[in-house]
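S.K.: Quick one: structure below, then a few questions.
Here is the structure:
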C-alpha cells in the first residue's frame, strides 16, 4: 500500500473550527480573519482526537504538522492567495504585516 500525503496547504473558507476524525496524520491549523490576518495558530493537532476552533476566524489553513513553525508563521501576519497556477491549484503566500493587530 502506498501512502500519499498531501504536502500543499488546504484553505477552508467560511469556517472557524475543524475536527480530526478520520485523519491519519497530525496537522497544523492556521486561522485567518475576514481580512486574511492570522489570528490563531494551533500546532500538531493529533489525528482522530484533535479538535480546534477560533470564533474570530473566517477561514482555516490546514498544513502538515511542523509547517507553521518551518514557515515562521506568527499571529498578525497576512495571508494572500495568488492564482499563479490556476483556479484549481491555488498557492498560499504568507507575508508579515507592517503594523500590529490591536
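Residue numbers (the numbering used here): 494 to 595. Even for Gly, the Cβ is constructed at its ideal location relative to N, Cα and C.
#1: Using a 10 Å radius around the Cβ and a threshold of 16 neighbouring Cβ atoms, would you call residue 538 buried or exposed?
#2: Alpha helix (DSSP H) containing residue 519: first to last residue?
#3: Going along the chain, which residues of its own chain have a beta-carbon closer than 6 Å to the beta-carbon of residue 543, five neighbours each way excluded?
#4: Starting from the Cα of residue 534, find the closest Cα among 506, 518, 507, 556 and give me that residue.
#5: Could you check if residue 525 is buried or exposed, using at least 16 other CB atoms within 10 Å of its CB as the buried criterion?
M.R.: According to the structure shown:
#1: buried
#2: Unbroken run through residue 519: none, as it is neither H nor E.
#3: 513
#4: 556
#5: buried
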